[in-house]
Amino acid sequence: MDTKEDFSEALARCRQLSEAEATLLALAFEHTNGVTAPQVAEVLGYKHFVAANALAGRLGRKISEHLSYSKADGKTIEWWTIIFTGKHNSTRGFVWYLKPGLKAALTTSLPL
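End of the sequence shown sits at 112 in full-length UniProt numbering; the numbers just go up one at a time, nothing left out.
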């Protein structure tokens, strides 16, 4: 899982992305140094970054429905981890980075 081919197929099979979902992917694709929830919230006109966090989770879950993904018994899935890796940055807060396979898939077919 997580290859360019896996994500390309998942995106092709996924129901149409909303404008907000497509914008989230485009922002993450364009920002090679990662993107933060507050950045996404600002671009989308959300009042709080929590809405951007929720968007990332919903999109991850939506895409996961078309990937060979199995959740570990009894574990809660953080859906954003389907599409992003992330880490805390001392000046920017928590930063999302597109998974390499998804980034490669978007290189050939950004869903905008």
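From the three backbone atoms N, C-alpha and C, an ideal C-beta is built for every residue, glycine too.
Look at the Cβ atom of residue i, then the Cβ atom of residue j, and state whether they are nearer than 8 Å.
| i | j | result |
| --- | --- | --- |
| TRP96 | ALA56 | yes |
| CYS14 | LYS62 | yes |
| ALA28 | LEU98 | yes |
| HIS66 | GLU9 | yes |
Strictly by DSSP, which residues pair up with residue i?
| i | result |
| --- | --- |
| TRP96 | VAL35, GLY86 |
Closest by CA to residue i, which one among the options?
| i | options | result |
| --- | --- | --- |
| THR3 | ILE83, LYS87, TYR46 | ILE83 |
| GLU21 | LYS75, THR108, ALA41 | ALA41 |
| ALA37 | THR107, GLY93, TRP79 | GLY93 |
| THR85 | ASP6, GLN16, ASN33 | ASN33 |
| TRP79 | LEU102, THR23, ARG58 | ARG58 |
Between which residues of its own chain and residue i is the CB-CB distance below 6 Å, once the five residues before and five after are set aside?
| i | result |
| --- | --- |
| GLN39 | none |
With H, G and I counted as helix, E and B as strand and the rest as coil, what does DSSP make of residue i?
| i | result |
| --- | --- |
| ILE63 | helix |
| THR91 | coil |
| ARG13 | helix |
Looking only at its chain, what residues have a beta carbon closer than 8 Å to the beta carbon of residue i, apart from the 5 residues adjacent to it on each side?
| i | result |
| --- | --- |
| THR81 | GLY60 |
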